[in-house]
Structures are given as C-alpha cells and as structure tokens.
Amino acid sequence: MNAVAESNEQLSQYLLRMGDNCLILSQRLCGWTGHGPTLEDDLALSNVALDLLGQARLWLDYASSLHPTKRSEDALAYWRDAHEFRNLLLLEQPNGNFADTQVRQFFFDSWHFLVLTALSNSTDEKVAAISTKALKEVDYHVRRSSHWMLRLGGGTELSRSKLILALEQHWNYVGELFEMDELEQEMHACGIGCDLGALHAEWLAYVNDVLGKVELALPSRTPFQSGGKRGKHGEHLLSMLMEMQYLQRVHPGAQW
Amino acid sequence: MVNQQASTERIWEWLSGIPDPEMPFLSIVDLGIVRDVHWEEEQLRIVVTPTYSGCPAKSHIDASIRNTLLDRGIEHLALETRLSPAWSTDWLGDVAKAKLLAAGIAPPMASEVPMRKLEYRAWSIATPSCPLCGSASTTVRGEFGSTLCKSLYVCGDCANPFEHFKCF
Numbered sequence: 001m002n003a004v005a006e007s008n009e010q011l012s013q014y015l016l017r018m019g020d021n022c023l024i025l026s027q028r029l030c031g032w033t034g035h036g037p038t039l040e041d042d043l044a045l046s047n048v049a050l051d052l053l054g055q056a057r058l059w060l061d062y063a064s065s066l067h068p069t070k071r072s073e074d075a076l077a078y079w080r081d082a083h084e085f086r087n088l089l090l091l092e093q094p095n096g097n098f099a100d101t102q103v104r105q106f107f108f109d110s111w112h113f114l115v116l117t118a119l120s121n122s123t124d125e126k127v128a129a130i131s132t133k134a135l136k137e138v139d140y141h142v143r144r145s146s147h148w149m150l151r152l153g154g155g156t157e158l159s160r161s162k163l164i165l166a167l168e169q170h171w172n173y174v175g176e177l178f179e180m181d182e183l184e185q186e187m188h189a190c191g192i193g194c195d196l197g198a199l200h201a202e203w204l205a206y207v208n209d210v211l212g213k214v215e216l217a218l219p220s221r222t223p224f225q226s227g228g229k230r231g232k233h234g235e236h237l238l239s240m241l242m243e244m245q246y247l248q249r250v251h252p253g254a255q256w
Numbered sequence: 001m002v003n004q005q006a007s008t009e010r011i012w013e014w015l016s017g018i019p020d021p022e023m024p025f026l027s028i029v030d031l032g033i034v035r036d037v038h039w040e041e042e043q044l045r046i047v048v049t050p051t052y053s054g055c056p057a058k059s060h061i062d063a064s065i066r067n068t069l070l071d072r073g074i075e076h077l078a079l080e081t082r083l084s085p086a087w088s089t090d091w092l093g094d095v096a097k098a099k100l101l102a103a104g105i106a107p108p109m110a111s112e113v114p115m116r117k118l119e120y121r122a123w124s125i126a127t128p129s130c131p132l133c134g135s136a137s138t139t140v141r142g143e144f145g146s147t148l149c150k151s152l153y154v155c156g157d158c159a160n161p162f163e164h165f166k167c168f
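Protein sequence lines, in the order shown, are assigned to chains B and L. With UniProt numbering applied, the first sequence closes on residue 256, and no number is skipped along the way. With UniProt numbering applied, the second sequence closes on residue 168, and no number is skipped along the way.
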C-alpha cells in the first residue's frame, strides 16, 4: 500500500466514525416517530434524526469517495455488517424511556458540539466544511437536550427518578467518547482530527453545570464500556441493523 | 447548439421561478441558496448551498433546476453543492420575509451569534411577533415544526398557534 492509499484509508476510517455516529443515532431516534410523548416532541425527535441523517450522508459520501472500492454512501449504510460499523457504543443503546433517550442525546450532543468545534479548524478542507455546517445544527440540538435535563430533573418525582436511572445507565459508555486510540492520535497529529482527551474537562464542566442546575450530579465511578469505534458492538446494534438493512438486503437496489 | 448563451441575468430570472417544494410561495432564490451563476465557456455552473444537512427537498430542488434549464435549452450544466460558508437565514431578503409573513409564518429574526463555547443557553429570550395579530407576547411550543427550518409558537394575545422560520 503506498503512502497516499494508506492515509486515505485512515481518513476514510475516521470519517466512518463520524458518519456512523450520526447514522446510528438517527436510526434510533426514528423509532420515536409516531410515539413521542407529545406531538411537539415527536416532531422534534424526528427532526433531530433528519439533521443527523443529513450529516451522516455528508460524512459517508466523503468516506466512500476515498474508499478503494468506492462503495457508495448507501452501500456503506446497508451492506456493512455490525463489526464494520464504527459508531460509539452509547449511540446504539436502545431508546428505553424518554429520559433514557434524552440522556443519551445530552451526552452525545455536548460531546458532538465540542468535537465539531475542533474539527471546524481541521486542515482537511472538507472535514472543516462539513463540521462547520453540522455545528450550526448541533448548537440547536444541545440546547434542546440540555433543556430537557432541567425539565426532567426539575419536573415530578417520577421524571426525576427516571432521569437519575438513565444517567446511571448511560454513564458506562461515556469513557469511549474521549478515548484516543491509534487512529485518533494519527488524525490529530496530522491536523485533520482533534485531541478528544483535551475536550474531556470542558465536557465535564458543561454537563456538571447543566445537571447542577437541578441538583443532580454524574455518577462517580469510572465509565468502562468501549469498543464501538473499533467495531466491537453489543447485541443491540445487531437487531437494529436487521431492521434498518432488511429491505435493501432482501430487495437489493430497491428505490422509492 | 447554435443558440446564443442566455445572459446570467436571464438565468437568475428563470431560477426565481422555481418554487421551494416545502414552501412554494418562496422561490429558491428567495431562500438564498443559489450562490453563484456563471458560464464556463459552453457550460453553465450553478452553485447551491443547502439549508439543513438533512433537508429532504434538496434532491427535488436539484432536479427542478436541471429541468427548468433544460426546458430553456441549457444542456451543459454543472450543478455544484457548496457547504462553506454555511447557509444562514440572514441570506433571506426582505422580499422573502414579507412573503413568509403573508403566509402566516413569522420570518426569522437576525441570526443569533453562534455559541462559541459550550455553555448553557435557555431558549432565546427574544421571541418573534405573532404574524397574525402582531402581538409581541408569544411563547415557544416546539423547537421544531412541520419542517426542519421552522419552530412552533403560540400567541398570548390572539391565542393562535403559528410557525416561525427559525434563525439559523
């Protein structure tokens, strides 16, 4: 493999991480369509899903253009098996109840905001353009999910107890968000990626600030689950992909 | 083809006749998504900047541009999608804002300064005036409306619900 092909392969893997995060969370959120607790929230969750799907297309389209076999963005979405997906474990967690969905969203949106802010200064022009564009949308998402932390935490005893449980359950997956593995390090070193470790303190400060407004705090234990970025997923992703990919696999090339 | 090349002014006029599929009372030029039109010898280049990444109308708009120009005899078209600089509702002109108001949709206010640092922000304190009675006493009911680009409000005076074209 020559140097250009190798660096393209690395960038393509990095773009898959960004794109798969958006795609998998988008698909999860689509599960709320028609089931939202109120019409307004049904619309909001579906629209956040739509934003993320649009972002997923931008990342996957770029990834596919670098791929030696030029698999299209659709092929990347529908014809990869679970171990080829590079999304964070947090995002494949089932929707659970409304508090579970909002906590997953809150952890991700605040992280996504920081990552996209950093990537807006990427040395790769396309990465910078996609990030700047997506950041405007995520600015809106993070405000919404943060607002829900306050509403659920400061709502009824029931909403508060469900929020506390959801924070407990999703906390295990947060460590992976800031993990600098070999690929992240190389992308950071060449100026395309960013230093996730350096964003950790800012993320914690923000999340604690929001939760502190309703006198809640993050669990004190160290989050320990990771592997999604390297293709090691839990069973939840499998059943989700079966649903997401079913039509294309049974009727290859089917179109609306 | 021996036809003389249409002037870019003419082409802008034709593009002004293409409606946005979701809000057909606005044209794609009103929306500010057409960024550039110019001839590169025999080929016409049109640069379009999408509104939201996930806007489902994008492919429809691209097809409308191609078809409209093909009908006018322009066969060699390069349609470029440009992400940067990102689209902003500040690109909507006064004409577009008046059309929105006439359709009962509160037009976008000047876009907020984007959040540079991650810090808690309540939903914007400034709310749009009611497009129906003009009252300034309105409250947000939903962060999104029937399309990605809108949010839902209710008027405290005339009690009507209305949509607001979000600042973006």
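The C-beta atom is built at its ideal place from N, Cα and C for all residues, glycine as well. Note that the coordinates shown come from a computational prediction; the quantities given were computed from them, not determined experimentally.
Query, Result
"Of the residues B:223, B:82, B:119, B:20, which one's Cα is nearest the Cα of residue 194 (chain B)?", "B:119"
"Roughly how many angstroms separate the alpha carbons of residue 128 (chain B) and residue 166 (chain L), rounded to a whole number?", "24 Å"
"So, is the C-beta of residue 54 (chain B) closer than 8 Å to a C-beta in chain L?", "yes"
"Please say whether residue 100 (chain B) and residue 169 (chain B) have beta carbons closer to each other than 8 Å?", "yes"
"Is residue 55 (chain L) close to chain B? Criterion is C-beta to C-beta, closer than 8 Å.", "yes"
"Measuring alpha carbon to alpha carbon, tell me which of B:106, B:256, B:244, B:83 ends up nearest residue 203 (chain B).", "B:106"
"On the DSSP bridge list, what partners appear for residue 19 (chain L)?", "L:27"
"Report the option in L:93, L:46, L:99 whose CA atom is closest to the CA atom of residue 14 (chain L).", "L:46"
"Please report the straight-line C-alpha distance between residue 250 (chain B) and residue 27 (chain B), rounded to a whole angstrom.", "19 Å"
"Quick check: what's the CA-CA separation for residue 186 (chain B) versus residue 97 (chain L)?", "47 Å"
"Beta-carbon within less than 6 Å of residue 78 (chain L)'s beta-carbon, same chain only, minus the 5 sequence neighbours each way: which residues are those?", "43, 45"
"So, helix, strand or coil for residue 254 (chain B), using DSSP?", "coil"
"Going along chain B, which residues have a C-beta under 7 Å from residue 115 (chain L)?", "139"
"Roughly how many angstroms lie between the CA atoms of residue 87 (chain L) and residue 73 (chain L), to the nearest whole one?", "30 Å"
"Quick one, are the C-beta atoms of residue 148 (chain L) and residue 32 (chain L) less than 8 Å apart?", "no"
"Along chain B, which residues have their Cβ under 9 Å away from the Cβ of residue 64 (chain L)?", "The premise fails here: residue 64 (chain L) is roughly 18 Å from chain B at the closest Cβ pair, so nothing lies under 9 Å."
"Is there a C-beta anywhere in chain L that falls below 8 Å from the one on residue 163 (chain B)?", "no"
"Using three-state DSSP, classify residue 1 (chain L) as helix, strand or coil.", "Confidence in residue 1 (chain L) is poor, its pLDDT being 48 and thus under 50, which makes the residue's placement too unreliable to answer from."
"Quick one: what does DSSP say residue 98 (chain B) is sitting in, helix, strand or coil?", "helix"
"Short check: CB of residue 163 (chain B) to CB of residue 153 (chain B), under 8 Å?", "yes"
"Can you grab the Cα-Cα spacing for the pair residue 241 (chain B) / residue 91 (chain B), in whole Å?", "13 Å"
"Over the uninterrupted beta strand (DSSP E) stretch that includes residue 36 (chain L), give me the two end residues.", "34-40"
"With H, G and I counted as helix, E and B as strand and the rest as coil, what does DSSP make of residue 151 (chain L)?", "strand"
"Just mark residue 145 (chain L) as buried or exposed, buried being the case when its beta carbon has 16 or more other beta carbons within 10 Å.", "buried"
"Going along chain B in order, which residues have a C-beta closer than 7 Å to the C-beta of residue 86 (chain L)?", "132, 133, 136"
"Just grab the DSSP bridge partners of residue 33 (chain B) for me.", "Residue 33 (chain B) pairs with nothing; no bridge assigned."
"Between B:93, B:137, B:123, B:126, which lies nearest to residue 113 (chain B) when the distance is taken from Cα to Cα?", "B:137"
"Let me see if you follow: with CB-CB separation under 8 Å, is residue 157 (chain L) close to chain B or not?", "no"
"Taking the alpha-carbon positions, what's the residue 2 (chain L) to residue 37 (chain L) distance?", "Confidence in residue 2 (chain L) is poor, its pLDDT being 43 and thus under 50, which makes the residue's placement too unreliable to answer from."
"For a contact meaning CB atoms closer than 7 Å, what does residue 153 (chain L) contact in chain B?", "None at all; the shortest Cβ gap to chain B is about 11 Å."
"For a test of the three-state rule: what should DSSP assign to residue 15 (chain B), helix, strand or coil?", "helix"
"Label residue 229 (chain B) either buried or exposed according to how many other C-beta atoms from any shown protein chain fall within 10 Å of its C-beta, with 16 as the threshold for buried.", "buried"
"Sorted by chain position, which residues of the same chain lie with C-beta nearer than 7 Å to residue 70 (chain B)'s C-beta, five sequence neighbours on each side aside?", "64"
"Do you know whose CA, among L:56, L:83, L:67, lies nearest residue 49 (chain L)'s CA?", "L:83"
"Quick one: Cα of residue 78 (chain B) to Cα of residue 72 (chain B), how far?", "10 Å"
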